[in-house]
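Working notes, structure below.
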Amino acid sequence: MKRYLPAAAFVATSLIGLVLTLVLFQTERIADQRRFDVLAHEAVDRIRARVEQRKALLTATLSYFEANGGPLNRPEFQIFVQGLDLTDEGRGMQGIGFARLLHTGEEAAASAELLRNYGRAQQVWPDTAEDWRAPIVLLEPQDERNARALGFDMYSEDKRRQAMRRALDTGTLQASAPVELVQENGVDPQTGFLLYVPYRDAQGQTLGFVYAPFRIGNLHRMALDHPTGLGVLVDSWDVTGGQPVPLYRSDGYDQVAGRLQTPVTRQIDVGGRTWAISVVEAVPATRTLAHWRSFILGTVSLLFAAALAVSIRNQMRAVEARREVQRVSQQAIADKDLLLQEMKHRIKNSIARILAMARQTAAHSDTLDAFSASFSARLQAMANAQDLLTRSRWQKAALADLLTQELEQVFGAGLEGAQIDGPAVVLGEKATHALGLVVHELATNALKYARIGEGRARLEVRWRIEAARPADVLCLLWSEDGPDPLPAGGRSGFGTRLIDATVRGELNGTIERRFGERGLTVEVRFPLA
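The sequence shown maps to residues 1 to 529 in the UniProt record's numbering.
Structure representation (structure tokens):
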């Protein structure tokens with residue numbers, strides 16, 4: 001389970017970071033939506049305020065008429081309207097005018113008033129079947145567009161007529177439904193609407209309407225871009241009576257609304273009519289970096305989770321390394337102790353072999369000089385064999401050579417009393433070292449207990465190879481035949497334990513001992529790697 005700890009730490013930390021990132025992202029979205037709500041409210045309020053300002057100008061004009069006892073002549077009215085400054089910032093409001101309310105058939109009075117005010121013979125137009133007429137007799141400031149509207153009977157058109165009737169009924173300022181202004185000349189056409197407020201004399205008789213025509217596109221642009229641009233796009237509709245009629249739509253609104261941003265819609269009252277205004281930001285694509293805090297938090301969380309997982313993994317590796325160092329140290333101490341024990345045992349065995357060789361040599365020597373010569377030769381042979389055996393442990397060695405060297409080391413040159421036989425077998429470094437140790441121990445014991453090499457004592461070492469899978473098996477048979485019966489209890493001690501440990505641990509094999517009357521038979525089996 002420990003190996004999954006870094007992954008678990010990474011997942012847990014990442015989940016915590018993800019939750020925090022989602023919380024921050026949601027908070028940023030809410031804050032961004034509230035910010036945009038404020039912006040949308042400001043955009044709608046600007047349009048409402050622009051309309052209210054224009055309504056105030058109409059109310060001021062009505063009050064001026066009432067204070068002067070009726071509509072002014074054109075020069076006075078022109079000066080009054082110039083003071084209202086309806087040119088630059090007032091764009092959207094096409095002007096302020098007066099429409100005289102007449103019975104049908106009294107059009108001549110309106111034509112005379114137009115001739116008096118503007119010096120032009122202008123008939124009231126168009127023809128109508130209504131009982132009343134409301135021709136435009138004053139409209140300032142005068143320009144090419146407004147000049148086209150002089151003499152137009154607004155009561156003849158249904159939408160304008162309904163607005164004027166509401167104004168008459170309520171006595172308040174009323175707006176018309178969306179219309180096409182007669183001022184339109186085909187250049188930058190826009191939807192328009194009109195505001196009407198009735199003008200009555202002291203006796204309460206309605207003499208006409210103070211009115212103002214509006215170009216809705218200019219009204220929206222002036223409201224949204226002055227004094228500073230809001231950076232929004234709008235889509236305005238007249239939704240009075242549940243039948244939406246388009247008023248104005250900003251360029252590029254369709255590319256943003258519903259695709260990049262959900263519009264915020266607000267309604268306002270314009271002279272008794274309801275406008276619905278939907279607002280989106282002009283460049284919402286730049287808001288892709290608005291959630292940079294969430295992005296940074298998410299990135300930092302992932303980096304922290306990865307760093308934590310790497311740190312835990314490194315700590316686990318450090319702990320494992322310390323444990324491995326401790327294990328190796330303990331193993332080295334154990335190996336050192338084993339080597340010391342083996343060295344002590346080998347020294348004792350060497351001394352025993354030397355003593356046995358001395359006894360054997362003395363038993364077969366007639367003089368001291370003969371003993372000295374024979375004993376020195378055996379010692380020298382023993383030393384030479386030891387050198388060869390030491391070198392063979394670091395290289396591959398033939399089994400027959402290994403047995404010969406080990407046995408000559410114990411029994412002397414010529415292997416007196418010993419016989420070896422078997423097929424050619426080459427052993428690896430590990431097997432050479434291990435088997436050399438086993439043969440050395442067996443030979444030493446044979447010299448000590450079976451007195452091989454003395455008198456009629458004999459030793460036979462035979463081996464064969466048995467086919468097996470995954471590796472062939474070497475079967476080595478060690479047979480002793482000593483001159484005297486073996487002592488009761490067999491042989492046991494460090495050498496025996498060392499032989500067992502070497503066969504089973506080093507060679508991955510088995511060992512079987514059978515104690516006969518005059519000697520020991522040992523069968524060793526192990527796989528050839």
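For every residue, glycine included, the Cβ atom is placed at its ideal position computed from N, Cα and C.
Where does E406 sit, in a helix, a strand or coil, going by DSSP?
Along the sequence shown, one-based indexing puts residue 406 at 406. Three-state DSSP puts E406 in a helix.
May I ask you to report which of helix, strand or coil DSSP gives E320?
Locating residue 320 in the sequence shown gives position 320, where the first residue counts as 1. Looking at E320 - three-state DSSP - the assignment turns out to be helix.
May I ask you to report which of helix, strand or coil DSSP gives Q53?
The sequence position of residue 53 within the sequence shown is 53, counting from 1. In the three-state DSSP reduction, Q53 falls in the helix class (H, G or I).
List the endpoints of the continuous alpha helix (DSSP H) containing T432.
The residue given as residue 432 occupies position 432 in the sequence shown. Per DSSP, T432 belongs to the alpha helix (DSSP H) from 429-445.
Where does D254 fall in DSSP's three states?
The residue given as residue 254 occupies position 254 in the sequence shown. Here D254 sits in helix by DSSP.
Shortest alpha-carbon distance to P483 belongs to which of L498, E454, V473?
Position 483 of the sequence shown, counting from 1, holds the residue named residue 483. Per the Cα distances, E454.
In three-state terms, what does DSSP make of H103?
Here the question's residue 103 lines up with position 103 in the sequence shown. Residue state, collapsed to three classes: strand.
Close Cβ partners of C475 (< 8 Å) along its chain, the five nearest in sequence each way excluded
Within the sequence shown, numbered from 1, the residue matching residue 475 stands at position 475. Taken in chain order, the residues that qualify are W463, R464, I465, E466, E523, V524, R525.
Do the region 171-180 and the region 139-152 meet, that is, are 3 or more Cβ pairs less than 8 Å apart?
no
Go through its chain and collect everything with a Cβ distance to T59's Cβ below 8 Å, but skip five positions before and after it.
As a working mapping, residue 59 is identified with position 59 in the sequence shown. L173, V197.
Euclidean distance between Cα positions of V81 and Q26
Locating residue 81 in the sequence shown gives position 81, where the first residue counts as 1. Locating residue 26 in the sequence shown gives position 26, where the first residue counts as 1. Going by the C-alpha atoms only, they are around 53 Å apart.
Which residue or residues does DSSP assign as beta-bridge partners of G192?
By one-based count along the sequence shown, residue 192 stands at place 192. Partner(s): V179, R215.
State buried or exposed for Q94, treating a residue as buried only when at least 16 other CB atoms are found within 10 Å of its CB.
Residue 94 sits at position 94 when you count from the first residue of the sequence shown. Buried, by the Cβ-count rule.
Who does R514 pair with in a DSSP beta bridge?
The sequence position of residue 514 within the sequence shown is 514, counting from 1. T521.
Assuming contact is defined by CB atoms lying nearer than 8 Å, are Q183 and R133 in contact in what I supplied?
Numbered from its first residue, the sequence shown carries residue 183 at position 183. Numbered from its first residue, the sequence shown carries residue 133 at position 133. No; because the gap between Cβ atoms is not below 8 Å, this pair is not in contact.
Distance between A163 and V270 (C-alpha atoms, nearest Å)
As a position in the sequence shown, residue 270 is number 270, starting the count at 1. As a position in the sequence shown, residue 163 is number 163, starting the count at 1. Looking at the two C-alpha atoms, the distance is approximately 12 Å.
Three CB pairs or more closer than 8 Å across the region 4-22 and the region 300-307:
yes
Assuming contact is defined by CB atoms lying nearer than 8 Å, are R504 and D481 in contact in what I supplied?
Along the sequence shown, one-based indexing puts residue 504 at 504. Along the sequence shown, one-based indexing puts residue 481 at 481. No.
By how many angstroms is the C-alpha of V310 removed from the C-alpha of F36?
To locate residue 36, count along the sequence shown from 1; it is residue 36. To locate residue 310, count along the sequence shown from 1; it is residue 310. Distance between the alpha carbons of F36 and V310: 43 Å.
So, under 8 Å CB-CB, L507 and A398 are touching, yes? Tell me the CB distance rounded to an integer number of Å.
Numbered from its first residue, the sequence shown carries residue 507 at position 507. Numbered from its first residue, the sequence shown carries residue 398 at position 398. 17 Å between Cβ atoms; not a contact.
Under DSSP, the beta strand (DSSP E) around A86 begins and ends at which residues?
Reading the sequence shown from its first residue, position 86 is the one you call residue 86. What sits at residue 86 in the sequence shown is Leu, not Ala. No beta strand (DSSP E) holds L86; DSSP gives it neither H nor E.
Can you name the residues that DSSP bridges to residue 582?
With the chain running from 1 to 529 in the structure shown, residue 582 is simply not present.
Could you spell out the range, first to last residue, of the alpha helix (DSSP H) harbouring T170?
Walking along the sequence shown from the start, residue 170 turns up at place 170. Taken as a continuous stretch (DSSP letters only), the alpha helix (DSSP H) holding T170 covers 158-170.
Within this structure, are the beta carbons of V439 and E408 separated by less than 8 Å?
Taking the sequence shown and counting its residues from 1, one reaches residue 439 at position 439. Taking the sequence shown and counting its residues from 1, one reaches residue 408 at position 408. Cβ atoms of V439 and E408: not closer than 8 Å.
Classification of E157 by the beta-carbon crowding that lies within 10 angstroms, buried from 16 upward
Mapped onto the sequence shown, residue 157 falls at position 157. Its Cβ being crowded by 16 or more others within 10 Å, E157 is buried.
Residue span of the beta strand (DSSP E) that contains A276, given as start and end
For this step, residue 276 is matched to residue 276 along the sequence shown. It spans 273-281 - the beta strand (DSSP E) in which A276 sits, taken as one unbroken run.
Buried versus exposed call for Q190 [16 or more other C-beta atoms within 10 Å across all chains shown]
In the sequence shown, counting from the first residue as 1, residue 190 sits at position 190. That one is buried.
Are the region 221-237 and the region 275-282 in contact at 8 Å, needing three or more beta carbon pairs?
Segment contact: the region 221-237 against the region 275-282, three or more CB-CB distances shorter than 8 Å; contact assigned.
Could you tell me the boundaries of the alpha helix (DSSP H) in which E144 lies?
In the sequence shown, the residue the question calls residue 144 occupies position 144. Its alpha helix (DSSP H) spans residues 144-147.
Find out if the Cβ-Cβ distance for the pair T240, R273 is shorter than 8 Å.
Locating residue 240 in the sequence shown gives position 240, where the first residue counts as 1. Locating residue 273 in the sequence shown gives position 273, where the first residue counts as 1. Result yes, Cβ atoms of T240 and R273 sit closer than 8 Å.
Beta-carbon proximity list for E512, same chain, < 6 Å, skipping 5 on both sides:
What you label residue 512 is simply residue 512 of the sequence shown in a count that begins at 1. For E512, same chain residues with a beta-carbon under 6 Å away, outside a window of 5 residues either side, are E523 in chain order.
With distances taken from CA atoms, which of E113, D32, R148, T206 is nearest D169?
As a working mapping, residue 169 is identified with position 169 in the sequence shown. Of the residues E113, D32, R148, T206, the one whose Cα lies closest to the Cα of D169 is T206.
The beta strand (DSSP E) enclosing T265, as first and last residue numbers:
As a first step, residue 265 is located in the sequence shown; it is residue number 265 there, counting from the start. 264-270 is the span of the beta strand (DSSP E), which, as asked, contains T265.
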